[in-house]
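Top line first, the protein sequences correspond to chains A and B.
Numbering of the first sequence is given in this note's numbering, commencing with residue -12 and proceeding in unit increments.
Numbering of the second sequence is given in this note's numbering, commencing with residue -17 and proceeding in unit increments.
One structure is given here, and the rest of the page talks about it.
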Amino acid sequence: MIEVQDLTKAYGSVTAVDHVSFTVNKGEILGFLGPNGAGKTTTMRILTGFMPATSGTARIGGFDVFNDSLEVRRHIGYLPETPPVYPDMTVESYLAFVTRIKNVPAEKRATLISDALQKTSITDKRHELIKRLSRGYKQRVGIAQALVHDPDVIILDEPTVGLDPKQIIEVRNLIKGLAGTHTIILSTHILPEVSMTCDRVVIINKGRIVAVDTPQNLTSQLKGGQRIRLEVGAPEAALREAVAQVAGARRVEIESARSDGHLAVNIEAAPGTDIRSNLAAKIVEKGWPLFELRGVSLSLEDIFLQLTTSDASHAQSTN
Amino acid sequence: MKNVWAIYRKEMGHYFVSPIAYVFIGLFLILTAFFFNFFLTAVIQQSLSAEMEGMRYGMSQNIDVPSEVMRAFFGLLSTLVLFITPILTMGVYSEERKRGTMELLMTSPITETDIVLGKFFASFSLFALMLLPTLSYLVFMYLRSDPMPPWRVLFAGYLGILLLGASLTALGTFISSLTENQIIAAVLTFAAFLLVWVLDIGRNASGGVASVLTYLSVIRHYEDFTRGTIDTSSLVYYASFIFLFVFLTVRSVDSMRWRRA
Chain A
-12 MIEVQDLTKA YGSVTAVDHV SFTVNKGEIL GFLGPNGAGK TTTMRILTGF MPATSGTARI
48 GGFDVFNDSL EVRRHIGYLP ETPPVYPDMT VESYLAFVTR IKNVPAEKRA TLISDALQKT
108 SITDKRHELI KRLSRGYKQR VGIAQALVHD PDVIILDEPT VGLDPKQIIE VRNLIKGLAG
168 THTIILSTHI LPEVSMTCDR VVIINKGRIV AVDTPQNLTS QLKGGQRIRL EVGAPEAALR
228 EAVAQVAGAR RVEIESARSD GHLAVNIEAA PGTDIRSNLA AKIVEKGWPL FELRGVSLSL
288 EDIFLQLTTS DASHAQSTN
Chain B
-17 MKNVWAIYRK EMGHYFVSPI AYVFIGLFLI LTAFFFNFFL TAVIQQSLSA EMEGMRYGMS
43 QNIDVPSEVM RAFFGLLSTL VLFITPILTM GVYSEERKRG TMELLMTSPI TETDIVLGKF
103 FASFSLFALM LLPTLSYLVF MYLRSDPMPP WRVLFAGYLG ILLLGASLTA LGTFISSLTE
163 NQIIAAVLTF AAFLLVWVLD IGRNASGGVA SVLTYLSVIR HYEDFTRGTI DTSSLVYYAS
223 FIFLFVFLTV RSVDSMRWRR A
């Protein structure tokens, strides 16, 4: 449904998006994950035809976003970073205006508007002036605006910003409910959002894609090794030495040394090895009391930090 | 065309839901009514004293009251337009850009021309609506005059002020599309208006440059209309002026996609 090839956008000397390529299948939810300023918004603005790319191509439903911009715009709904609302309009008249500029036939407008109001649960606010609404409600009006004309492709730039936890859950469920019939791209810098709503994740940092995969695969595979959490009553130096003797153990990181002599330790194991039994045997051999020993899989958060900060730490280590 | 209408309706809604339209129209009517009354009394008094002097010295000197009043009144209208239009047009695009709603318009299946025409017609409509009630002052004067002045003068005068207003609206909306800041838009628009206003500064001088500049002045052509003459060259002048700036606005809105840095 969406094909992006070598997309690049440069603002003067700054490259905001650097040779980005990915595809989104029909009915899929793609999450765009990255720190602020990573190029998420720029990519979305290019996809929606708001600004042209410096080089590369992007196609939505087979139409080029630049050459067939009008045709592309007919098929998309877009929520920009700030909800594009007119403060002096009521929610309902605003949505009516949006259906008009999205070329919705007059006879379909009323039903589509009430659907959108219902989906974003703002039906009770429909006669309110938008300027009287709170931030969260404005955001929901923005979301309603993006889906009111029932577009094939919905592009949402940080849809859950400004919402309270209950509303966030509602919006996530709404987005999940739209999948299948709609193709969705959403951007976020909140990690759980991606694992909860998206079928696939594109992790982007400094304009470049650093990973594309399902949230599950990213969590389980990207970092091949296992991490082990250990709590043991042992002196620090002796423990380090003992762990080093276990085959496959790589990095030992003392998380905290408690006053009662317990050490909380994180140990990274080489990919494909399970060192837990050897480790336990070693500790028993030394006669230390063992309080906890368990495998921890890397959370998306760890992967994200690892991917987006590796450049910086690499640069530091070479200096 | 449907898209132009959608934009037009939204703009008009914006004017009339917010206090903008009411403030503008109200203020404009108070000012014009005051000055009309002032002109009328002044000219009538002048004409009475001229008549009295004529009786005393035996020379009859008639003052054409309606024409004098209309000359003064149309002059006033053009001056008010000079001040009001920049405020009317300053927010047309800059506000939209600042609020981020330009992003909605530019990612919707409508063309830049749709947006620009819709907005231009809306601003011009507000201007025309503001002007319309002033027609009643002059019609009232016409009905009380004997002999009645030719209606052609009234028609030409209003055609002139509408064309002048449309031209300045086109120029003002163009400038609004260049900046995100409303104040800057208003100040630049006012400066641009003054410039096209005073181009006829050399009207008494002779020579090629002076006559070209005089032709380019917006006010020169307007004066023809207020005298009751509808000159084709003036019509062409205003039509070209409006077309030029509407066209430039389309280009400017289109270029917003490229210059966002």
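Note that CB positions come from ideal geometry on N, CA and C, so glycine has one too.
As the structure is a prediction and not an experimental result, all values here were calculated from the model.
Taking a 10 Å sphere around the C-beta of residue 54(A), we find fewer than 16 other C-beta atoms and assign the residue as exposed. Distance from the CA of residue 127(A) to the CA of residue 4(A), rounded to the nearest whole angstrom, comes to 28 Å.
Closest option to residue 34(A), judged by alpha-carbon separation, among 23(A), 140(A), 25(A): 140(A).
In this structure, the straight-line span from the alpha carbon of residue 201(A) to that of residue 188(A) is close to 6 Å.
Listed in chain order, the non-local C-beta contacts of residue 54(B) below 6 Å within the same chain comprise 21, local neighbours out to five positions each way being set aside.
Contacts between residue 91(B) and chain A, judged by CB atoms closer than 7 Å, involve 57, 60, 61, 89, 90 in chain order. DSSP links residue -4(A) through a beta bridge to 4(A). Within the same chain, and ignoring the five residues on either side of residue 145(B) in sequence, the residues whose Cβ sits closer than 6 Å to its Cβ are 220. Burial check for residue 192(A): the Cβ neighbour count within 10 Å reaches 16 or more, so the residue is buried. In this structure, residue 108(B) sits near residue 6(B), with a CB-CB distance shorter than 8 Å. In the DSSP assignment, residue 144(A) falls within the unbroken beta strand (DSSP E) covering 140 to 144.
With at least 16 other beta carbons inside 10 angstroms of its own, residue 162(A) counts as buried. Cβ atoms of residue 147(B) and residue 67(B) come within 8 Å of each other, at about 7 Å.
Taking 8 Å as the CB threshold, residue 239(B) lines the interface with chain A. Within 9 Å of the CB of residue 44(B), no CB atom of chain A is found; the nearest one sits about 54 Å away. If you look at residue 163(B), you'll find it isn't in any alpha helix (DSSP H); DSSP assigns it neither H nor E. If you check each beta-carbon in the stretch 153 to 173 of chain B against every beta-carbon of chain A, none falls closer than 7 Å. Within chain A, the C-beta atoms nearer than 9 Å to that of residue -4(B) come from 73, 75, 76, in chain order.
Chain-ordered, the chain A residues with CB closer than 8 Å to the CB of residue 88(B) read 36, 37. Partner residues in the beta bridge of residue 199(A), as assigned by DSSP, are 189(A). Taking a C-beta distance under 8 Å as the contact criterion, residue -6(A) and residue 11(A) do not qualify as a contact pair. Neighbours of residue 124(A) in chain B, taken as residues at a C-beta separation under 8 Å, are lacking, since the least C-beta distance is about 17 Å. Contact check for residue 177(A) against residue 21(A) fails: the beta carbons are separated by 8 Å or more. Annotated three-state conformation of residue 55(A) is coil, per DSSP.
The C-beta of residue 135(B) has 16 or more other C-beta atoms within 10 Å across all chains shown, which makes the residue buried. When the beta-carbon positions are compared, residue 75(A) and residue 118(A) come within less than 8 Å of each other. Under the three-state reduction of DSSP output, residue 175(A) falls in the strand class. For residue 44(A), DSSP records a beta bridge to -8(A).
For residue 30(A), there are no neighbours in chain B by C-beta distance under 8 Å, as the nearest C-beta there is about 14 Å away. Beta bridge pairing from DSSP links residue 106(B) with no other residue. For residue 73(B), not one C-beta of chain A is nearer than 8 Å to its own C-beta.
In this structure, the straight-line span from the alpha carbon of residue 134(A) to that of residue 172(B) is close to 41 Å. At a cut-off of 8 Å between beta-carbon atoms, residue 29(B) makes no contact with chain A. Selection 122(B), 200(B), 139(B), 133(B) evaluated against residue 153(B) yields 200(B) as nearest (Cα-Cα). Note that the stretch 25 to 42 of chain B does not touch the stretch 122 to 136 of chain B; fewer than 3 beta-carbon pairs, one per stretch, sit closer than 8 Å. Here DSSP, grouped into helix, strand and coil, assigns residue 119(A) to helix.
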